[in-house]
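Step one of this worksheet: look at the structure below.
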Ligand code: SF4
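In the numbering used here, the protein residues as written are 10 to 425.
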């Protein structure tokens, strides 16, 4: 169920590992005020002109209660069963998403191999028809000799292509898109690609699609040559080629069965991971391989739980565990707005919305528009001001909030 609620630059780099999901370096976890001043655009920058770092988690905590954010900054970690359960749940979700991507890759591989094998069947049948109908003075043995030479040439080329770094010599760079690399951690670090590693440019003893094509060609020519060597006339040659085609059809059927099984496994993994039919997943936060998204202009940074691709758009998804609220919490929305901005600044494409997900069924879309951006930037500036000037205070009188607060144990202003 997706609820559409009212409304209210992403550099994925490999930073040093940090002690929090959104990349808060331990040296930054301090109560000392930062020396910085407000710039003309309203963001606070240090003496070197760099915007103060504010993570999406900072914004979530600050929106919940500025004191909670301040305590976190002092190094008071959240405590409670909900936090531990939440971490476990997140790890579980990432594992399911990873499994979905693996199954997706297996299906892709199985379909590509099946299409190759099916092509071979078509080639053999076409050859059989040509052989039995053309009038040519050459015997099958003559043609077998030509095909043997051709097979050896292709085999030689294939082996040379594998063992020599010809792509580097020719100055061929990776065909893999850098833009996609920036946003996708699943395809680059978790899931192995179908045939060529991402960013593959070959090298000594390495093969890719070109090499596979050359070896495939050598195999087809070789099989033709063997078949024709046994044939005493063209009719017999045609019969042998049809026989080979039938054997290959059996192999292709077996491969098709594998593809169908892979498709069923993918469907189960998709449902298990909660991925919609028309969605693909580009990024999933596992705190190990997920890159930190950074916007230097505002100082924002963070790691969304997932970035999915819907109708060609990158959509950040924030998964929340625990009790399902009637409507999304303000703090959760603020966190998602940060991810929306990070996705836009990294891809230079504006996502129309982001998704807040509570449990597996309760989904809310949050619009990403000028008003949302204004709300986000105001919050970032306020957090940066507090980092510089201090003075964070409780901003509510709700006992329930303090009751649920994971830093209540360290708070002097708690209402309970
Ligand atoms: S206990 Fe209450 S006042 Fe203290 S940080 Fe938590 S929510 Fe804020």
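Even for Gly, the Cβ is constructed at its ideal location relative to N, Cα and C.
Residue burial classification, residue 239 (beta-carbon count within 10 angstroms, cutoff 16): Residue numbering aside, residue 239 sits at position 230 when the chain shown is read from its first letter. Residue 239 comes out exposed.
Residues that residue 362 bridges to, as DSSP identifies them: Mapped onto the chain shown, residue 362 falls at position 353. The partner list for residue 362 (beta bridge, DSSP) reads 376.
Chain-order list of residues whose beta-carbon lies under 8 Å from that of residue 407 (same chain, five-residue window excluded): On the chain shown, residue 407 is found 398 positions in, with the first residue counted as 1. Only residues of its own chain outside the window of five on either side were considered, and among them 424 have a CB closer than 8 Å to the CB of residue 407, listed in chain order.
Cβ contact check for the region 394-405 and the region 370-380: 3 or more pairs under 8 Å: Between the region 394-405 and the region 370-380 there are fewer than three inter-stretch CB-CB distances shorter than 8 Å, so the stretches are not counted as touching.
Those residues, in chain order, that have a beta-carbon closer than 5 Å to some heavy atom of the ligand SF4: Cβ atoms closer than 5 Å to the ligand SF4 belong to 74, 76, 77, 403, 410, 411, 414, 417, 420, 422 and 423.
Pairwise C-alpha distance: residue 125 and residue 223: Position 214 of the chain shown, counted from the start, is the residue given in the question as residue 223. Position 116 of the chain shown, counted from the start, is the residue given in the question as residue 125. About 13 Å.
Beta bridge counterpart(s) of residue 323 as assigned by DSSP: Locating residue 323 in the chain shown gives position 314, counting from the first residue. Bridge partners of residue 323: 318.
Coil, strand or helix - residue 24 by DSSP: Against the chain shown, residue 24 aligns to sequence position 15. At residue 24, the pLDDT of 39 sits below 50, so the modelled position is not reliable and the matter cannot be decided from this model.
C-beta atoms of residue 278 and residue 112 nearer than 8 Å: As a first step, residue 278 is located in the chain shown; it is residue number 269 there, counting from the start. As a first step, residue 112 is located in the chain shown; it is residue number 103 there, counting from the start. Taking C-beta atoms as the reference points, residue 278 and residue 112 count as a pair closer than 8 Å.
Cβ neighbour criterion (16 or more within 10 Å) applied to residue 285: Counting from one through the chain shown, the residue named residue 285 turns up at place 276. Residue 285 comes out exposed.
Contacting residues, own chain, Cβ-Cβ under 7 Å from residue 404 (five flanking each side not counted): By one-based count along the chain shown, residue 404 stands at place 395. Excluding sequence neighbours, residue 404 sits near 74 and 75.
Cutoff 6 Å; reference residue 246; Cβ partners in own chain excluding five residues on either side: Counted from its first residue, the chain shown places residue 246 at position 237. Correct list, in chain order: 140, 149, 237 and 240.
Residue 292 - containing beta strand (DSSP E), residue span: Position 283 of the chain shown, counted from the first residue, corresponds to residue 292. Annotation for residue 292: the continuous beta strand (DSSP E) segment containing it runs 288-293.
Close-in-space but distant-in-sequence residues of the same chain around residue 200 (CB under 7 Å, 5 per side omitted): Residue numbering aside, residue 200 sits at position 191 when the chain shown is read from its first letter. Interpretation of residue 200 is limited by its pLDDT of 41, a score under 50 that renders its predicted location unreliable; the figure taken from the coordinates is listed afterwards. The beta carbon of residue 200 sits closer than 7 Å to those of 110, 111 and 114, all from its chain and outside the five residues before and after it, given in chain order.
Residue 59 burial status per 10 Å Cβ neighbour count (16 or more: buried): Walking along the chain shown from the start, residue 59 turns up at place 50. Exposed, because fewer than 16 other Cβ atoms sit within 10 Å of the Cβ of residue 59.
Whole-number beta carbon distance between residue 133 and residue 257, since they are thought to touch under 8 Å: The residue labelled residue 257 in the question sits at position 248 within the chain shown. The residue labelled residue 133 in the question sits at position 124 within the chain shown. The C-beta distance from residue 257 to residue 133 rounds to 6 Å, short enough to fall under 8 Å.
Contact the region 355-362 vs the region 78-90: 3+ CB pairs below 8 Å: Taking 8 Å as the limit for Cβ pairs, the verdict is that the region 78-90 does not touch the region 355-362.
Contact check, residue 61 vs residue 300, beta carbons under 8 Å: Here residue 61 refers to the residue found at position 52 when the chain shown is read from its first residue. Here residue 300 refers to the residue found at position 291 when the chain shown is read from its first residue. Not a contact, by the Cβ cut-off of 8 Å.
Residue environment, residue 373, which counts as buried when at least 16 other CB atoms sit within 10 Å: Position 364 of the chain shown, counted from the start, is the residue given in the question as residue 373. Of the other Cβ atoms in all chains shown, 16 or more fall within 10 Å of the Cβ of residue 373; this residue is therefore buried.
C-alpha distance - residue 354 paired with residue 305, whole-angstrom precision: Residue 354 sits at position 345 when you count from the first residue of the chain shown. Residue 305 sits at position 296 when you count from the first residue of the chain shown. Computed Cα separation, rounded: 10 Å.
Whole alpha helix (DSSP H) elements within the region 64-89, 4-residue minimum: You should have 65-73 and 75-82.
Per-residue DSSP class, three states only, for residue 394: Walking along the chain shown from the start, residue 394 turns up at place 385. DSSP places residue 394 in helix when its eight states are reduced to three.
For residue 257, the residue or residues it bridges with in DSSP: The residue you call residue 257 lines up with position 248 of the chain shown. The secondary-structure analysis by DSSP pairs residue 257 with nothing; it has no beta-bridge partner.
Status (buried if at least 16 other CB within 10 Å, exposed otherwise) for residue 203: Position 194 of the chain shown, counted from the start, is the residue given in the question as residue 203. Any answer about residue 203 is weak, because its pLDDT of 47 lies below 50 and its placement is not dependable; what the coordinates show is given next. Around the beta-carbon of residue 203, fewer than 16 other beta-carbon atoms lie within 10 Å, marking it exposed.
Buried or exposed (CB count within 10 angstroms, at least 16 for buried), residue 334: Taking the first residue of the chain shown as 1, we reach residue 334 at position 325. Counting Cβ neighbours within 10 Å, residue 334 comes out exposed, since fewer than 16 surround it.
Three-state class that DSSP yields for residue 406 in the structure shown: Counted from its first residue, the chain shown places residue 406 at position 397. Three-state DSSP puts residue 406 in coil, outside helix and strand.
Beta-carbon gap between residue 394 and residue 80 smaller than 8 Å: By 1-based counting over the chain shown, the position of residue 394 is 385. By 1-based counting over the chain shown, the position of residue 80 is 71. Going by C-beta atoms, residue 394 is not nearer than 8 Å to residue 80.
Beta-bridge partners of residue 426, as assigned by DSSP: Nothing can be reported for residue 426, as the shown portion of the chain is limited to 10 through 425.
Status (buried if at least 16 other CB within 10 Å, exposed otherwise) for residue 178: Position 169 of the chain shown, counted from the start, is the residue given in the question as residue 178. Taking a 10 Å sphere around the C-beta of residue 178, we find fewer than 16 other C-beta atoms and assign the residue as exposed.
Within 8 Å, strictly: CB atoms of residue 328 and residue 66: Position 319 of the chain shown, counted from the start, is the residue given in the question as residue 328. Position 57 of the chain shown, counted from the start, is the residue given in the question as residue 66. Contact: no.
Whether residue 294 touches residue 314 by CB criterion (8 Å): Counting from 1 along the chain shown, the entry for residue 294 is found at position 285. Counting from 1 along the chain shown, the entry for residue 314 is found at position 305. Cβ atoms of residue 294 and residue 314: closer than 8 Å.
For residue 47, three-class secondary structure by DSSP: For the purposes of this step, residue 47 is taken as the residue at position 38 of the chain shown. The DSSP-derived three-state label of residue 47 is strand.
Cβ neighbour criterion (16 or more within 10 Å) applied to residue 230: In the chain shown, the residue the question calls residue 230 occupies position 221. Per the 10 Å Cβ criterion, buried.
Where residue 96 sits in the DSSP three-state scheme: Within the chain shown, residue 96 is the residue found at index 87, counting from 1. Per DSSP, reduced to three states, the secondary structure at residue 96 is helical.
Element boundaries [alpha helix (DSSP H), containing residue 154]: Residue numbering aside, residue 154 sits at position 145 when the chain shown is read from its first letter. From DSSP, the alpha helix (DSSP H) with residue 154 extends over 149-172.
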